[in-house]
Ligand code: AMP
Ligand code: ZN
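Numbering (our numbering), first residue to last: 380 to 875.
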């Protein structure tokens, strides 16, 4: 597979240190607010990459941190502590904020069909390892104490700007803004490994260390969490493009100084999701979340489909028109799949199977070209072969793309069947014209009958303009974890 590597600035053949195994690290969320859909673009693309690497047969071990301490509003160690900012905003403790937004992040991932890495480490659970690593860096002469903090000395490295074809001055300022001068630093690019001289009187989370009570810098957390969980040779490190500098640059500096040899061979960076007015960011407070998309009537998987339609190394501009097009295209794709016969027992057409799989792999091997991989789905639908082969191929590709295509198609088939049954039963007057579809596979007949009765009563109430009763029925069902989705002449119900 050819994959762009920020380190070499070329599309390298992706090769792992140990054949057959891939050690992959992902910078996780800073849990002081909801993840916005820009952050989630990055996680969607990383998820597809992980799934594709597994698809090619690699045994992937993936680790991700949760930043619940140490990340300041400027990535260059200045500004305010983000977690503290969140806690103050919501009048909660930092740990309450961390727990709430970590859970919210996982819930968003589930809705977007993003697999959670098997190793997830909150930074606050790794303080001893950070201290151990900083101690070694001090012993080796790569770090110094100044003004109460421990700093990494970037002048000790031959090449600090590992990703750099940018001007050193630009890099020193960083992609994110809000940088102030820190007088205690020997060099402008030095960064904090451990803070003791906290500027924040009310810093909630502090730990004992050989250098006084304090807390870790942001960059050290990813180096230590990665080293302790994935070992000395990392194959793949991922993040959004804003992470490249200073975060990943500093991770490389301290990890390689600690290890004494090269650390990670491949760096994968996803370009930003922007709005018409600029980059979507949590700190600006104006951002879109998965819940907001749902409120506006978009299935989160439509957002996944929207993201897969663009290459990860191009900035993506979000627009509601773009989402509407994605919604229509996704629905059309699903309905074409629904038209295939799931009971087709014809033998698998091996020649078509191989040909189409080669096409899909060629797209993904071409620097993770997900837009082309989506085209491969349409090629399958057009192929001259039986439905069984087509469904097997679609299922195979969707194990990587994760658009729930076959489940969504089965749902459409069930709806169509129910609508047809109602029609052929020669539905009579009143709400019997309404088709009620149960999407709760574990519901027994008694429950089905009860819910159907209430749904019909609600439809009658609406017809009689008794909206209070109609709302009351919907709310009472919602309180029982039952949600309703109204369609034209159809109401679907499901259980949370
Ligand atoms: P954070 O929670 O701010 O630490 O960011 C989580 C991930 O989202 C990191 O990998 C960031 O690089 C990435 N990220 C931040 N903003 C955007 C954006 N607008 N579009 C895509 N990825 C982003
Ligand atoms: Zn990181």
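Cβ coordinates follow ideal geometry from the N, Cα and C atoms, glycine included.
All figures in this text were calculated on a predicted structure; none of them were measured in a lab.
Residue i CB to nearest heavy atom of the ligand AMP below 7 angstroms
{"i": "residue 359", "result": "No answer is possible for residue 359: the residues shown for the chain start at 380 and end at 875."}
{"i": "residue 690", "result": "no"}
{"i": "residue 870", "result": "no"}
{"i": "residue 693", "result": "no"}
{"i": "residue 634", "result": "no"}
{"i": "residue 435", "result": "no"}
{"i": "residue 406", "result": "yes"}
{"i": "residue 532", "result": "no"}
{"i": "residue 867", "result": "no"}
{"i": "residue 660", "result": "yes"}
{"i": "residue 651", "result": "yes"}
{"i": "residue 409", "result": "yes"}
{"i": "residue 754", "result": "no"}
Burial state of residue i, where buried means 16 or more other Cβ atoms lie within 10 Å
{"i": "residue 594", "result": "buried"}
{"i": "residue 398", "result": "exposed"}
{"i": "residue 549", "result": "Note that residue 549 has pLDDT 47, beneath the 50 cutoff, so the model's placement of it is unreliable and the number below is only indicative. Exposed is the call here."}
{"i": "residue 630", "result": "buried"}
{"i": "residue 671", "result": "exposed"}
{"i": "residue 470", "result": "exposed"}
{"i": "residue 504", "result": "exposed"}
{"i": "residue 569", "result": "buried"}
{"i": "residue 807", "result": "Note on residue 807: pLDDT 46, under 50, position unreliable in the model; no value is reported."}
{"i": "residue 646", "result": "buried"}
{"i": "residue 846", "result": "exposed"}
{"i": "residue 513", "result": "buried"}
{"i": "residue 605", "result": "buried"}
{"i": "residue 699", "result": "exposed"}
{"i": "residue 725", "result": "exposed"}
{"i": "residue 769", "result": "buried"}
{"i": "residue 489", "result": "exposed"}
{"i": "residue 592", "result": "exposed"}
{"i": "residue 855", "result": "exposed"}
{"i": "residue 448", "result": "buried"}
Contact test: residue i Cβ vs the ligand ZN heavy atom, cutoff 7 angstroms
{"i": "residue 418", "result": "no"}
{"i": "residue 450", "result": "no"}
{"i": "residue 442", "result": "no"}
{"i": "residue 508", "result": "no"}
{"i": "residue 630", "result": "yes"}
{"i": "residue 601", "result": "yes"}
{"i": "residue 645", "result": "no"}
{"i": "residue 618", "result": "yes"}
{"i": "residue 626", "result": "yes"}
{"i": "residue 622", "result": "yes"}
8 angstroms Cβ cutoff met for residue i and residue j
{"i": "residue 773", "j": "residue 727", "result": "no"}
{"i": "residue 598", "j": "residue 619", "result": "no"}
{"i": "residue 686", "j": "residue 443", "result": "no"}
{"i": "residue 659", "j": "residue 417", "result": "yes"}
{"i": "residue 440", "j": "residue 497", "result": "yes"}
{"i": "residue 465", "j": "residue 412", "result": "yes"}
{"i": "residue 747", "j": "residue 394", "result": "no"}
{"i": "residue 463", "j": "residue 583", "result": "yes"}
{"i": "residue 371", "j": "residue 680", "result": "The structure shown does not extend to residue 371, since the chain is modelled only from 380 through 875, so no value can be given for it."}
{"i": "residue 575", "j": "residue 527", "result": "yes"}
{"i": "residue 738", "j": "residue 758", "result": "yes"}
{"i": "residue 669", "j": "residue 419", "result": "yes"}
{"i": "residue 532", "j": "residue 565", "result": "yes"}
{"i": "residue 515", "j": "residue 573", "result": "no"}
{"i": "residue 852", "j": "residue 833", "result": "yes"}
{"i": "residue 861", "j": "residue 874", "result": "yes"}
{"i": "residue 563", "j": "residue 588", "result": "no"}
{"i": "residue 536", "j": "residue 402", "result": "no"}
{"i": "residue 385", "j": "residue 542", "result": "yes"}
{"i": "residue 445", "j": "residue 481", "result": "yes"}
For residue i, the residue or residues it bridges with in DSSP
{"i": "residue 440", "result": "402"}
{"i": "residue 637", "result": "The partner list for residue 637 (beta bridge, DSSP) is empty, contrary to what the question assumes."}
{"i": "residue 865", "result": "870"}
{"i": "residue 522", "result": "531"}
{"i": "residue 697", "result": "Beta-bridge pairing links residue 697 to no other residue."}
{"i": "residue 594", "result": "574"}
{"i": "residue 384", "result": "389"}
{"i": "residue 589", "result": "Paired residue(s): none; residue 589 is not in a bridge."}
{"i": "residue 652", "result": "695"}
{"i": "residue 745", "result": "381"}
{"i": "residue 501", "result": "445"}
Cutoff 8 angstroms: residue i Cβ touching any chain C Cβ
{"i": "residue 528", "result": "In the structure shown, chain C does not exist; there is a single protein chain."}
If contact is defined by three or more beta carbon pairs under 8 angstroms, each pair taking one atom from either stretch, is the stretch 427-440 in contact with the stretch 777-784? yes
Count Cβ pairs between the stretch 636-644 and the stretch 513-520 that sit closer than 8 angstroms; are there 3 or more? yes
Closer than 8 angstroms is the cut-off here; do at least three beta carbon pairs connect the stretch 794-804 with the stretch 813-826? yes
Decide if the stretch 683-699 is in contact with the stretch 749-756; the criterion is three or more beta carbon pairs, one per stretch, under 8 angstroms apart. yes
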